[in-house]
Structures are given as C-alpha cells and as structure tokens.
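The block underneath contains the structure these notes are about, expressed in structure tokens.
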Amino acid sequence: MHCASVRRIVPHLLARGVVEARSVATRLMRHFDSAAMEHHADEEDDLFPALI
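Okay, structure coming up:
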C-alpha cells in the first residue's frame, strides 16, 4: 500500500504541484520512519527470542 503511494508521488507532483506532493512525501517518510522503528523493536522483543 505505502509502496504504491511512493510510486504515485511523481504523477501527483505533475498533476497537483510541488506543495501538495511534498506534503504527501513528508507523510510517507514519517510513516516509514515510525513504522520501521516499531517493526524492528517488535522483532527484537518477540520474534528473535522465540526463534532462539
């Protein structure tokens, strides 16, 4: 879902302009920054101990 949003940024930029495309890109980056950290923390806390 979010990868598809990344692919749509350039067409979005061309259709709606820089300001709105920048806003979309900023929201996506914020999501990936927080989601990646939570995902890795979950692995460290739950997945890896279960595998060991």
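In terms of my numbering, the sequence shown opens at residue 93 and continues consecutively.
Backbone N, C-alpha and C define an ideal beta-carbon position, used for all residues, glycine too.
Just so we're clear, the structure is a prediction, and the values are computed from it rather than from any experiment.
Less than 8 Å between the CB atoms is what I'm expecting for L120 and V98, so what's the real figure, rounded? 6 Å
For L105 and A113, believed in contact at Cβ under 8 Å, the rounded distance: 4 Å
To the nearest angstrom, how far is it from the Cα of S115 to the Cα of E130? 23 Å
What is the rounded straight-line gap between the Cα of P141 and the Cα of A117? 35 Å
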